[in-house]
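A.B. asks:
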Amino acid sequence: MIDLIDVEKTYNTGAGPVFALRGTNLHIDRGEFVAIMGQSGSGKSTMMNILGLLDRPSAGRYLLEGQDVSDLDPDARARIRGREFGFVFQAYNLVPRLSAIEQVEMPLVYQGAPDRHARAAKALERVGLSAAFHKRGPTQLSGGQQQRVAIARSIVVEPRVMLADEPTGALDTTTSAEVMALFRELVEEHGITVIIVTHEPEIAALCDRIVRMVDGVIVQDATSRHTAPEHRGEVSA
Amino acid sequence: MSLADSFRIAVRAILANRLRSILTTLGLVIGVTSVIVLIAVGQGAQVGVASKIRGLGTDLLFVQPGQSNDRTTGARAQAASLTKSDSDAIVAAQIPGVIGVAPQISFQSQLIAGSLNSRGPIIGTTPDYIAVRSSAVAEGDFITDADVERKALTIVLGSTLATTLFPNGDAIGQQVRLAVGGPIGFNFRVSGVMAPRGGATDQDNQAFVPVTTMQSRLPFTRNATGEISVTQISIQMAPKADQDAVKADITNLLVSRHAVATPDFTVQSQNDLLGAASEVSATLSILLGSVAGISLLVGGIGVMNIMLVSVTERTREIGIRRAVGAQSRDIVLQFVTEALTLSIGGGLLGMALGVGIALGLDGRQVAGQAMTTLIQPWSIAVAFAVAAGVGLASGSYPAFRATAIDPIVALRNE
Ligand SMILES: Nc1ncnc2c1ncn2[C@@H]1O[C@H](COP(=O)(O)OP(=O)(O)O)[C@@H](O)[C@H]1O
Ligand SMILES: [Mg+2]
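Line by line, the protein sequences are chains A and B. For what it's worth, this note's numbering labels the leading residue of the first sequence as 5, then goes sequentially. For what it's worth, this note's numbering labels the leading residue of the second sequence as 7, then goes sequentially.
(1) Along the stretch 111 to 137 of chain A, where does the CB come closer than 8 angstroms to a CB of chain B? Name the residues.
(2) In angstroms, rounded to a whole number, what distance separates the CA positions of S27(B) and T39(B)?
(3) What are the complete beta strand (DSSP E) segments, minimum 3 residues, inside the stretch 136 to 180 of chain A?
(4) Please classify N97(A): does DSSP put it in a helix, a strand, or coil?
(5) Where DSSP assigns a beta bridge to E145(B), which residues make up the other side?
(6) Give a yes or no on whether 8 angstroms exceeds the smallest Cβ distance from R328(B) to chain C.
(7) Flag this pair as yes or no: are the beta carbons of V43(B) and A387(B) separated by less than 8 angstroms?
(8) So which residues on chain A does M7(B) lean against when the C-beta distance must stay under 7 angstroms?
(9) Is it buried or exposed for V297(B), if we count other Cβ within 10 angstroms and need 16 for buried?
(10) My understanding is that L417(B) touches R322(B), with C-beta atoms under 8 angstroms, so please give their C-beta distance in whole angstroms.
(11) Alpha carbon to alpha carbon, how far is I381(B) from D153(B)? Give it in angstroms, no decimals.
(12) Please report how far the alpha carbon of L30(A) lies from the alpha carbon of Q94(A), in whole angstroms.
(13) Tell me whether the stretch 56 to 68 of chain B and the stretch 325 to 345 of chain B touch, counting them as touching only if at least three CB pairs, one residue from each stretch, are closer than 8 angstroms.
(14) Am I right that F214(B) and T131(B) are in contact with their C-beta atoms under 8 angstroms? What's the rounded C-beta distance?
(15) Which class does R77(B) belong to by DSSP, given the choice of helix, strand or coil?
(16) Hey, out of I159(A), F137(A), R87(A) and A19(A), whose CA is closest to L102(A)'s CA?
(17) Against chain A, which members of the stretch 291 to 314 of chain B pass a CB distance test of less than 9 angstroms?
(18) Determine, using beta carbons only, whether R24(B) comes closer than 8 angstroms to chain A.
(19) How would you label E344(B), buried or exposed, when you count the other beta carbons within 10 angstroms and need 16 or more for buried?
(20) Roughly how many whole angstroms lie between the Cα atoms of D65(B) and S275(B)?
(21) Starting from A332(B), find everything on chain A with Cβ-Cβ shorter than 7 angstroms and list it in chain order.
(22) Taking the alpha carbon of H203(A) as the reference point, which residue from R216(A), E193(A) and F187(A) has its own alpha carbon closest?
(23) In this structure, what does DSSP give as the bridge partners for D72(A)?
(24) For R320(B), name the three-state secondary structure that DSSP assigns.
(25) Rounded to whole angstroms, what's the CA-CA distance from T465(B) to Q52(B)? Just pull it up for me.
(26) Taking 6 angstroms as the limit, tell me which residues put their C-beta closer than that to any heavy atom of ligand 1, in chain order.
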């Protein structure tokens, strides 16, 4: 479903080029639950951004369901993003003045989808937030609740892929476990592909497959569970 | 995204920052308000002046002294170029179309009755004045031919003047002292009180005396040759008279009487006065309109400024919206709608305020004059359209700036 072929990403900074990704090859199938690990600055976020069509590779190709999406214009990428991907960020990234239900309705607004309220309510229900939370703004929610709203916002469009960059980075252990259970449920019950970035081994251990990165290169790709679907993760040195 | 959705988002954003939204639109509110009010005042003044000119009477010609070009006498002063004998000559000439001639001499003076006094214009005239100026006496008699003949010390008071000097309403037959200056003064007997004329000028504060009385009692009203110089000759024309022909006849008559090459007087019809007045008030309207237009422009710049700040401030929000699928046009729509909502809101508020203030000012006494305002529907439409246009223009640039925001950079932006 996802194929990164010889993907490179170079940032041109004042201090010269930074090679954030160097010839990365990665294949991820539908329904996988993947953890990407690596030290800070190893290129995890860069890869997530490219996977989520938030950014474009400097070189190489990105095939989504066999279609080359490396060279699409920003609006075409926005359309695919809204439809196919759900994003969860470490910093939640909720819009300050909107209520929980409005945050979740937002992607549907841009899709022009019907039944927005009902669908958003259902998504919030699925992440364990009852109607009592619908009207609350981000400041009236705990960190864990905010992250649940963010997850509800990402699943409301029924995406094929969920991308979560350090989703538990700001959460305590209990809440982290709950969020991970939620991801597991998405994988098992809805067949959503979940890719998370984490540097916590305990969190990574809850996934089916662990991809390790060092300096913009994937150094290890291991399936940790037998429940995971077959994959053809390649290790490139 | 539908328009209803973008409007909803815009309203949310505007309400989230109420004070700033109010301050932003204030410029536009003031702009729209002032366009409507100032144009209403300008138009009201125009109509007011016009009705005042019409209120002088109907089918009138006014002859007034002008600059003298007479080289033979040279010294003839401006105000002295028209005399009572000119007026008599016009009567004697029996110009077709002329049905009444009233010379007037006016000067400011103090009138004293017992312990009360008042200051106003004193007008020396003839009995024709009543007919020519469509006036009427409420009590007693106006100046009569006999008064003019006898140079009588008879005075007729305007209605306001009468109440000021004789609060008990018993003016007729009483003595009034006309103080010319220093110890010089004359006692006049009140023979009549004028009916109120209303209007904005001090027409009701005037007093009338026989023109001949002025000549004999007040030496300064005579010119170098001993004739009574008049400040104006009002001429009543027949309703169907050829006004231009009458004007020409009078001009020719006076030019030959004065023995000058070019007229040392002016002959103006009410239409001439109306034309001049409306030219003045049109200029005034344009001036007022421009001032108001500038404040609209400044208001528009305010909206643009706030929209730019707002885009910068909401970089992260824009990043989030982009991440969840907002396309460029959605972002443009959001900010343009926000700017338009602000400016249309400001425009509507300005409209309400402008109409309210203009209505409130109508008929109000300002500096002793009744103010007339006339709301012009076109000024409302123009002010509103400009406000909305300014909103659209000033929202577009920040909106396009917003689309250039890279979602990744925006999301990293803390
Ligand atoms: N916008 C950018 N401009 C310049 N350098 C960048 C930019 N984004 C990331 N980098 C650099 O690319 C490398 C990989 O960054 P990143 O993908 O954020 O790493 P990680 O998420 O694993 O910490 C780092 O050296 C980082 O400094
Ligand atoms: Mg990172």
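Where a beta carbon is used, it is the ideal one built from N, C-alpha and C, also for glycine.
C.D. replies: Concretely, from the data shown:
(1) P111, V113, Y114, Q115 and G116
(2) 18 angstroms
(3) 165 to 169
(4) N97(A): coil per DSSP, three-state reduction.
(5) In the DSSP output, where bridge partners are listed per residue, E145(B) has V199(B).
(6) In the structure shown, chain C cannot be found, because the protein chains are A and B.
(7) no
(8) V113, Y114 and G116
(9) exposed
(10) 7 angstroms
(11) 49 angstroms
(12) 23 angstroms
(13) The stretch 56 to 68 of chain B, when compared against the stretch 325 to 345 of chain B, does not touch it at the 8 angstroms Cβ threshold.
(14) 6 angstroms
(15) Bear in mind that the predicted position of R77(B) carries a pLDDT of just 49, short of 50, making it unreliable; the figure below should be weighed with that in mind. Residue state, collapsed to three classes: coil.
(16) Here the closest residue by C-alpha is F137(A).
(17) If the cut-off is 9 angstroms between Cβ atoms, the stretch 291 to 314 of chain B has nothing near chain A.
(18) no
(19) Of the residues assessed, E344(B) falls on the buried side of the cut-off, its CB having 16 or more other CB atoms within 10 angstroms.
(20) 8 angstroms
(21) A82 and Y114
(22) R216(A)
(23) L67(A)
(24) When DSSP states are grouped into helix, strand and coil, R320(B) belongs to the coil group.
(25) Because chain B here runs from 7 to 420, residue 465(B) falls outside it and cannot be looked at.
(26) Y15(A), T17(A), V22(A), A24(A), G42(A), S44(A), G45(A), S46(A), G47(A), K48(A), S49(A) and T50(A)
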